[in-house]
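Participant: The structure follows.
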Amino acid sequence: MPAFGIGIPIFLVVQAFISWFVYSEAKKYGSRSPVVVGASVFVLGVGLAFVFSTVIALVVVELLVIPIYLLGVHAAKRRSASA
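Take any residue in the sequence shown, note its place counting from 1, add 174, and you have its number in this note's numbering.
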């Protein structure tokens with residue numbers, strides 16, 4: 175279980191930004207319920223911080239997934255534009 179300290183509000187803010195990004199992408203691409211997707215990412219992120227007893231590794235993994243996702247979206251757009 176992670177210790178409660180000054181890092182918790184920072185983690186929650188970072189997690190909220192990540193969830194907002196997921197929500198905006200889900201809304202942009204026509205998800206049926208982008209609010210549920212964004213809220214699920216937030217709740218799962220906080221829950222996994224307790225399960226894995228680490229916050230930094232979880233945030234690093236989430237922040238690495240975002241650029242990989244954006245690269246995939248960019249590559250898909252480039253492929254569809256050239257076809």
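We treat Cβ as the ideally placed atom computed from N, Cα and C, and that holds for glycine.
(1) Counting Cβ pairs closer than 8 Å, one from the segment 181 to 193 and one from the segment 208 to 226, do we hit at least three?
(2) By the 10 Å Cβ neighbour count, where 16 or more other Cβ atoms means buried, how is Tyr243 classified, buried or exposed?
(3) In whole angstroms, what is the alpha-carbon distance linking Ser214 and Ile180?
(4) Measuring only the C-alpha atoms, how far is Ala223 from Val234?
(5) For the alpha helix (DSSP H) holding Ile182, just list the boundary residues, first then last.
(6) Within 10 angstroms of its Cβ, does Ile230 collect 16 or more other Cβ (buried), or is it exposed?
(7) Going by C-alpha to C-alpha distance, which of His248, Ala200 and Glu236 sits closest to Ile192?
Facilitator: According to the structure shown:
(1) With the cut-off at 8 Å, the segment 181 to 193 and the segment 208 to 226 touch.
(2) With fewer than 16 other Cβ atoms within 10 Å, it is exposed.
(3) Whole-angstrom Cα-Cα distance: 24 Å.
(4) When rounded, the separation of the alpha-carbon atoms in Ala223 and Val234 is 12 Å.
(5) Its alpha helix (DSSP H) spans residues Gly181 to Lys202.
(6) When all chains shown are included, Ile230 counts as exposed.
(7) The residue with the shortest Cα to Cα distance from Ile192 is Glu236.
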